[in-house]
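Taken in sequence, the protein lines are chains A and B. If you read the first sequence in my numbering, its first letter stands for residue 1452, the second for the next number, and so on. If you read the second sequence in my numbering, its first letter stands for residue 68, the second for the next number, and so on. Positions of the beta carbon are idealized from the N, C-alpha and C atoms, including for glycine. One structure is given below, encoded as C-alpha cells.
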Amino acid sequence: MIALSSTPVLSTARLTLRAPQAADWPFWRDFAMTDRAVFVGGPMTEGLAWRAFCHVVGMWVLRGYGSFVFSETGSATPLGMAGPWHPINWPEAEIGWTLWSAGAEGKGYAHEAAVAALDFAFGTLGWATAVSYIDPANARSIALAQRLGAVLDPDAARVDPEDADLVFRHPAPGART
Amino acid sequence: MLQTAYVSQRPQLVGLPVLETERLVLRAPQATDWPAFRDYRASARTAFTGGPKNEVQAAEQFAAFFGHWALRGFGRLIAEDRVTGQPIGHFGPMQWADAGDVELTWSLWTAAAEGNGLASEAAGALLDWCFGPLGLTFAVAMVHRDNAASHSIARKLGGTVIEGRVPDWVDAGSVYAFTGRQI
C-alpha cells in the first residue's frame, strides 16, 4: 500500500485537520478551477490543478510538514486547507488557508483551522515567527489575518517584489488574544 | 483547544517499489535528488519535454513527483547508477487527468548518461512493473518529433504509433500505445 505515513492529525472543537489524501482531489479540483481560487493562482485548468495538488502533498515529504485538509469531525467532506507552507521561493514560512466552497463560509471554520495551524507551527514545529502573504483584494483573508492578531509587516520581503501582496506577521500563540 | 497526535517521525512515502536492473536501481524519489533534477530541468536537455524551467517551476514539478505517488498510487521512480550511487534520470507512469491516459515517461538527466542503453534498460524495467505488479493494461508515451532517442526506446519497448494523435504539449510528435511488455 502506497501511502504518506507519519503525518499528524489535529483536532479542534469542530474540525479534524489531516494531511491531504486522494479522496480530497475532486474537492480541491472543483475549487481550483473556479474564481474562488483567484487568490491562489486560479482559476486553473484541470492539469494545473492536479499538479498544484501534487505539489501540496509533495511538500509534506520534502519539508516534513505541509498544508492540512480540514473537515467537520466525522464528515468525509473536506472544507478547505490550512497549514504551514514554505515552497522554495517563499522568503519565509507561511501559514496559508483556503475555503473550498461558498457553503463553508461564514461559520468561522477558516479561523478555527488557522488557529490550529498556527499552534502546530509555533508549538510542534517550533517556529519563531510566521507570515501570511495575502492579495490586497482578498478582503476576507485580510479580515481573518487581523482576527488572528496578525499585523502588516511593511518591511517583510514579498514572494515577488513586483507584485502587491500584503505580508501579515502572526504573533506567537501566547501573544494571541 | 488543540490536541495533536503527531508522530515525531518525519512524514514519508511508504510502499513504493524498487526495480533492479543490471546497472541501475529504480527507487523512490528523495529530497537529495533535487540538485540533479533542478540542473536537468534548467538544461537544454529538456527541449523535447517542455523546455527549460526555472528553479521555482522545477521545484513544483519535483514536489509533485512525491504527491503524485500519494494520490494515484503510482508515479516516477529515480534511476540510480549502481556504481556511483548517483541519480541519472526519472522513469515512471503519470496521469494528470482522471479521465486521461496513463503516460509512461523516461528522462535521462545528463548527456553523460546517454549512449549506453541505460534509458532502455530502465524503461524496460518500468514497463515490466507497469504491466505486471501495477496492473496497467494500457498506457501511452508522448514523444516530440525530433527526439530520436526517445522514439527508439518507444519502438524497442513495443509501442505502436497511434495514428492522428499528437502529444498534449506539442503538435509535432507521436503518441505511442502500449498494451503490455513486448520484448
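By Cβ distance, which residues of its chain are closer than 6 Å to residue i, with the 5 residues on each side in sequence left out?
i         : result
Ala1567/A : Leu1461, Thr1463, Leu1468
Ala136/B  : The sequence shown places Trp at residue 136/B, rather than the Ala named in the question. Excluding sequence neighbours, Trp136/B sits near Leu80, Gly142.
Thr71/B   : Residue confidence is low: Thr71/B scores 43 on pLDDT, short of 50, so the model does not pin down where it sits. Its coordinate-derived value is still stated next. There are no such residues.
Leu193/B  : Phe158
Ser241/B  : Val210, Val228
Trp1479/A : Phe1504
Which partner residues does residue i have in the DSSP bridge list?
i         : result
Tyr243/B  : Ala208/B, Val228/B
Arg1469/A : Val1520/A
His218/B  : According to DSSP, His218/B bridges with nothing at all.
His1621/A : Ala1581/A
Glu1563/A : According to DSSP, which records beta bridges pairwise, Glu1563/A is partnered with nothing at all.
Leu1602/A : Just to set this straight, residue 1602/A is Val in the shown sequence, not Leu. Note: Val1602/A sits in a beta bridge opposite Arg1620/A.
Under a three-way DSSP split, which group does residue i fall into?
i         : result
Thr1458/A : coil
Gln1597/A : helix
Ala1610/A : The residue asked about is misnamed: residue 1610/A is Val in this sequence, not Ala. DSSP places Val1610/A in coil when its eight states are reduced to three.
Thr1463/A : coil
Leu80/B   : strand
Gly1547/A : strand
Asp195/B  : helix
Ser1634/A : In the structure as shown, chain A starts at 1452 and stops at 1628, and residue 1634/A therefore has no counterpart that could be examined.
Thr71/B   : Its pLDDT being 43, under 50, Thr71/B is placed unreliably by the model, and the measurement read from it follows with that caveat. Residue state, collapsed to three classes: strand.
Val233/B  : coil
Gly1574/A : helix
Leu203/B  : coil
Gly1554/A : helix
Ala1615/A : coil
Is residue j closer than 7 Å to residue i when the C-beta atoms are compared?
i         : j         : result
Gly1600/A : Pro1624/A : no
Pro1494/A : Asp1486/A : yes
Leu1569/A : Tyr1516/A : no
Leu175/B  : Gly191/B  : no
Trp1551/A : Gly1525/A : no
Met1484/A : Ala1500/A : yes
Val207/B  : Ala244/B  : yes
Arg77/B   : Val85/B   : no
Leu1466/A : Glu1563/A : yes
Pro154/B  : Ala98/B   : no
Pro96/B   : Ile145/B  : yes
Gly134/B  : Val1508/A : yes
Asp168/B  : Arg248/B  : no
Ala1473/A : Leu138/B  : yes
Glu147/B  : Val237/B  : no
Ala130/B  : His1506/A : yes
Pro1529/A : Ser1522/A : yes
Cys197/B  : Pro234/B  : no
Ile1539/A : Ala126/B  : yes
Can you find the residues in the same chain that come closer than 8 Å, C-beta to C-beta, to residue i, ignoring five residues on each side of it along the sequence?
i         : result
Asp1604/A : Val1582, Val1618, Phe1619, Arg1620
Ala1565/A : Ala1533, Ile1546, Trp1548, Leu1595, Leu1599
Leu1608/A : The residue you asked about is not Leu; residue 1608/A is Ala in the sequence shown. Correct list, in chain order: Pro1542, Glu1543, Val1618.
Glu1556/A : Leu1550, Arg1591
His1537/A : Met1510, Arg1514, Glu1543, Ala1544, Glu1545
Asn1589/A : Phe1490
Ala178/B  : Arg112
Pro119/B  : Arg108, Ala109, Ser110, Ala111, Thr113
Glu1497/A : Arg1480, Met1484
Looking only at its own chain, which residues have a Cβ that is under 7 Å from the Cβ of residue i, when we skip the five neighbours before and after it?
i         : result
Ser187/B  : Ile220, Lys223
Asn214/B  : Phe115
Ile1585/A : Ser1592, Ile1593, Ala1596, Asp1616, Leu1617, Phe1619
Val150/B  : none
Gly226/B  : Ala208, Tyr243, Ala244, Phe245
My parser needs the alpha helix (DSSP H) runs of 4 or more residues fully inside the segment 87 to 129 of chain B; what are they? DSSP assignment within the segment 87 to 129 of chain B yields the following whole alpha helix (DSSP H) runs of 4 residues or more, N-terminal first: 101 to 109.
Scan the segment 120 to 191 of chain B and note each continuous beta strand (DSSP E) run of 3 residues or more that stays entirely inside, going in chain order. 144 to 148, 154 to 161, 170 to 175
Whole alpha helix (DSSP H) runs in the segment 1474 to 1540 of chain A with 4 or more residues, listed along the chain? Runs found: 1476 to 1483, 1497 to 1514.
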